[in-house]
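Working notes, structure below.
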Amino acid sequence: MQQSFDSCNYYFNEISNKVTAESGIWTDGEHLGKIIIRCLKEAPNFIAQIDGGTGEKETNKSVLERTVMCAQSFINFGLKYQDVVMVIAPNHLHISIPLYAAFCTGVIFAGIDFNLGENELADTFKSGQPKMIFCQNSNLQTVRKALARIKSNAEIVTFDEGQDCISFTKFISKYSGDATVENFRICDFEPVETIALLIATSGSTGLPKVAVLTHQNVSVGFIQNWKGLSKAPNPFDIGLVISPIQWISSTFQIVMSPILRYTRLQTSNKLSPEHVYDLINKYKPKYTICSPTYMTTLLRNDHQHVCDFTSFKYILIGGSAVSKELYADLKKVAPNVMIQVGYGMSEASGLIFSPHYVPLGSIGRPMEHVNWKLVDPDTEEIIPEPYKAGEIRIKGRSIFKGYYNNPEMTAQAFDKDGWLKSGDIVYRDENYNFFYVDRQKLLLKYRNHQVSPLEIENVILKHPGVVDVAVSGIPDPEYGDLPIAFVVKKNDYDLTAQCVEDLVKETLTDSKQLRGGVIFLDELPVTSTSKLDRTKLKNMAVNMAKWVRSRNAVNMHLEELSSRIVADSGIPTDRYHLGKLILQSLKDAPDYLSQIDGASGETENFESVLRRSVRCATALKNLGLKQGDVVVLMAPNHIHLCIPIYAALYIGAIVAGIDMNLKINELKDSFKINKPSVIFCQSEKAADINLALSNLNIDPKIVTFDKGSDYLNFHQFVDKYGDDTPVEEFKATNLDPNEAIALLISTSGTTGLPKSAAATHANFAISAANMWVLFDTCPSPTRLSVIMSPLQWYSALFQYIYTPIVRTTRLQSSLPMTQEHAYYIINKYKPTFTMCSPNMWAELFKKGDRDKCDLSCFDLIMAAGSDVPSTLFDTINSVVPETCFIPAYGLSEISGIAFVYDSTNPRSLVSPETKLDVTEPNVPGELFIKGPAVFKGYYNDEKCTEETFTDDGWFKTGDIFKRDENWYFYFVERRKMLLIHKNYQVSPLEIENVIIQHPAVYQVAVTSVPHPEHGDLPVACVVKHKDSTVTAQDIKDMVEETLSEQKHLSGGVIFLDALPMTSTSKVNKSKLAALARVSERL
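Numbering (this note's numbering), first residue to last: 29 to 1110.
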């Protein structure tokens, strides 16, 4: 049994003995170059490696010949003993050749992360001082810039052809001379001292470092990982490599596959789950090494069922803790696989514990090639008894020499007696089975990447507004650790979470981004010895895990989507370009159902929407529209409405949704502000629009969605002005999302007059994404989202823009959304998500009517636009208890919501009387907001824009809140004058401006009375001129003749002798509202 258990070890000793016997040098038994060359010679026709991305294969004979040529080229080029070569490339067939050549010549090999940016590469090159770098043409310029920064003249060789650098094939052809397998002489050196590999690691202190592994370290350590296999050579036919070259698990297989004689399956393609499934299904590998996070990704992907995992006989899972759930999931799909849960370290050249024949949950028993001790890290006392946790420390021939060119970190890695400090806390049972407890060192692992918190902290600390910072990780079952930054900012410094996230995004690679978010603290927690208490920080992060997992689903989807867009364009800010986000999303899933018109039954998929919106965009451009021109839309929610929205966003035009029920005077006021270049409307409104445009000195193109007017209809417009630019060739206009206005959203601001909030692409992209964060999957966070409000409302615009981006089908209707019609489409289509006003929900959940509709189909519904009465909240929760009902507070001026979720906007409460900050709980104050979601101002209205911001840039919401001790905020009352009647915003000042024109009216103030179904009912409080005979009906008639229905005085008219005033001679709106509730209304 023991002999079979150690078959690979015995076989390796046999090879070592042959090498030693041939050379006569007893230490050659640990010379990796001589061992690998001998193994390649013994089986020349054996398939050494396969590139699953291209289908290419290579035999041992070919690998041997190219290795010899490369090794001789190193020598002839002038590389010296222990010079460093670095490889920055995916796992194609060339990648192993410089590694084997380095082993033959005493050159040091270092695999480098292919995704590193210029800053990180410069740090890596400065530390490693390479003499030669192998890379791809795709990252050549980044490598050159990084080398220039440290003034290095390292030789660059590209694996592929095509640029002004020598290629790998030409390099070995040029410098190998007449070297052959027969005449090449492998260099002699001492394996105990000769460095073979530099392996990326963060050690035990958190800073990025490079572990030095000698030939002896690798020879002793790597072979121990194969204990448990019963056959050697050929323990199995194919081993799958699914980690990048900088990881020891990748290097391990490149080194051991020729020695143990199995075919190595790797790929030059990106390792998406779908690609891995294809590799497994096609090549049926028997062995792989995988991190727990990536294995979780493979097993929990939506397409996991297409993969046949049963080909595997052995899977080694290591790099972080393995949950029992993951172990069970793997056993379900591969019931006969031997799962080895491996605990090891790069600094120990692989595994430290043997994972064979141990209890579930154990990391194994100590291996024979290492000595170990368990130590209390605080007292340095040895722990002799079982079930007491301590730090595991090790010694042995596989333990590394130290960190390359870093004597300070090397000294810190060992204790005074020379034991390597692992930084990991474990305990053992009475049978010496060890169990992992926690990670003492700071290293995080995100997917296949090691992430140093200290590296991220060092970047954030460069911000002038940061006093202190600590980075921890939020555990995620699929992605590993999600970096989260705890930040202490300087007093009175304007610093947002988005600023911190953007700083990291601009400086570090994708794996190091703050996917866990940013939390601002007054101070960082410390221990009794004044050290940072990372345990407390970790606990805080863990407590956020559930929230972040759901928040992270949409953010990770958007990050992946925007990263592809940025990679294609080379413009970092394109991640917030709404047009490019929509365009790419439509291309990604052409067959996905985009929209349904619930009234007509019409449907349309992404491909059709993409084709029509691109043609519409070309029509707008050919008409002469340019960035910043305004496109007005006045129509019901039919299936054509989204097309000019997307088209305008593609070309940088501004989208303005206008209430199609506005009267001529109201339209004139709106057009005077928005100055549209094109107006899309229904034919029934064309005449009113034409009249409203008279005397405005603007001449927009009028296009009707339907036929029947004297104007071009939509189909005629795109046919006349559009061109045949293929979708594949169409490019959205480049713009600055932080400055370019995307939307004009109807609002009354904080002063009461109708205005248009100018939201930039970045405002909307950042804020509107938060509307989806309660969903824990993305794309397709919900099956069917229904629009219940007209286009001019934020809730409609939000769904039009984001449903294609998050890949959710949108249900809308070209008919008015009455209660009856809403019931019809809900019963027929069973939508799962919507957002609308509390008034609409009150109508739908009205007692006596709600039994007509099955409202339980909704997974999540949101109410926004006005305060939600507690009676409505209780009704909804009792009628549909399984539905998540969210009362949301938001504003058009911040492109979304300010509360409910963990918003990135800092918030301040200010006393409306004293203008001083309200710092204590349970004291009302006006809500002020800052952040990247806050709008640019009111379009073409500098005065109102100036009035709505404080001198130091805070947006004044006009709403009164209070907070409790736990920072939960509570709405108190609406300070600004806006009323919400049914689905419409109503400005009291607009109604007042009409009434005051009556000759009999001396003073007027408009307030409202609440209605359980319709929200605010406008009430006019009128002071007549003395002896005037004006009646309430006269006032009502005047308003009805001038303004649209929602602004009519449905609450009535009250005649007063005088309006109630405050001490500062302003109308006392609170008293006025109270009077309206108790007075007789005519």
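We put the beta carbon where it would ideally sit given N, CA and C, even for glycine.
Residue i burial status per 10 Å Cβ neighbour count (16 or more: buried)
i     : result
G598  : exposed
D602  : buried
R1105 : exposed
W54   : exposed
Y109  : exposed
A1086 : exposed
L92   : buried
I922  : buried
G736  : exposed
G545  : buried
L724  : exposed
P1027 : exposed
H243  : buried
P272  : buried
L771  : buried
K1114 : The displayed coordinates of the chain run from 29 to 1110. Any statement about residue 1114 would go beyond what the structure contains.
T932  : Model confidence at T932 stands at a pLDDT of 33, short of 50, so the residue's coordinates are unreliable; what they give is reported in the following sentence. Buried, because 16 or more other Cβ atoms sit within 10 Å of the Cβ of T932.
S558  : In this prediction, S558 scores a pLDDT of 47, lower than 50, which makes its location untrustworthy; the coordinate-derived value is nonetheless stated afterwards. Burial call: exposed.
L825  : buried
D987  : buried
T208  : exposed
Distance between beta carbons of residue j and residue i, contact taken as under 8 Å
i     : j     : result
T1122 : A362  : Because the chain is modelled from 29 through 1110, residue 1122 falls outside the range shown and cannot be assessed.
A150  : V112  : About 15 Å; that fails the 8 Å criterion.
F733  : Q710  : 6 Å
F699  : L669  : About 19 Å separates the two Cβ atoms, so there is no contact after all.
N1111 : V386  : Any question about residue 1111 goes unanswered here, given that the chain covers just 29 to 1110.
S258  : S35   : 6 Å
H122  : F196  : 6 Å
I1023 : V1032 : 5 Å
Contact set for residue i: own chain, Cβ-Cβ below 7 Å, skip 5 residues either direction
i     : result
A627  : S841, S842, L843
L565  : A498, S500, F514, P553
D716  : I692, L695
P1040 : A870
G965  : A786, T973
L690  : S698, S1072
T779  : Confidence is the limiting factor: at T779 the pLDDT is only 36, short of 50, which leaves the residue's position unreliable, though a coordinate-based value still follows. If we look at T779 and ignore the five residues flanking it on each side, its Cβ neighbours are C972, E975.
N950  : K990, D992
Neighbourhood of residue i by C-beta, 6 Å cutoff - its chain only, sequence neighbours within 5 removed
i     : result
D94   : What sits at residue 94 in the sequence shown is Arg, not Asp. Taken in chain order, the residues that qualify are I125.
L695  : A720
A1101 : T1035
G249  : S377, G378, S426
Cutoff 8 Å; reference residue i; Cβ partners in own chain excluding five residues on either side
i     : result
N20   : Nothing can be reported for residue 20, as the shown portion of the chain is limited to 29 through 1110.
N245  : A224, S377, R425, S426, I427, F428, K429
R592  : Q612
V1047 : V1034, T1035, S1036, V1037, L1077, G1079, G1080, V1081, I1082, A1104, R1109
N309  : V334, C335, D336
T186  : F162, C163, Q164, N165, L168, C193, I194, S195, F196
I1063 : I1023, H1026, V1029, A1048, V1050, L1077, V1081
D530  : none
- Any contact of the segment 503-513 with the segment 427-444, i.e. 3+ C-beta pairs under 8 Å? no
- Query: Where in the segment 694-743 do unbroken runs of the alpha helix (DSSP H), each at least 4 residues long, occur, reported from the N-terminal end onward?
  - Reply: 711-721
- Hey, is the segment 633-642 in contact with the segment 848-866, meaning 3+ C-beta pairs nearer than 8 Å? no
- Query: Should the segment 447-464 be called in touch with the segment 472-480, which here means at least 3 C-beta pairs below 8 Å?
  - Reply: no
- Message: Report the start-end ranges of each beta strand (DSSP E) in the segment 259-290 that is 3 residues or longer and not cut off at the edges.
- Response: 266-269
- Considering only residues of the segment 298-332, which uninterrupted alpha helix (DSSP H) runs meet the minimum length of 4 residues and lie entirely inside it, listed in chain order? 301-311, 320-328
- the segment 791-811 / the segment 951-966 touching (three or more Cβ pairs under 8 Å): yes
- Message: Quick check: the segment 829-839 against the segment 805-817, are at least 3 beta-carbon pairs closer than 8 Å?
- Response: yes
- What beta strand (DSSP E) runs, 3 residues minimum, are completely inside the segment 196-239? 223-229
- Message: Whether or not the segment 639-652 and the segment 669-682 are in contact is what I'm after, with contact meaning three or more pairs of Cβ atoms, one per stretch, closer than 8 Å; do they touch?
- Response: yes
- Message: Using a Cβ distance threshold of 8 Å, determine whether the segment 614-621 contacts the segment 863-877, with at least three qualifying pairs required.
- Response: no
- Go through the segment 511-576 residue by residue and report every complete run of the alpha helix (DSSP H) that reaches 4 residues or more, in order. 525-535, 562-571
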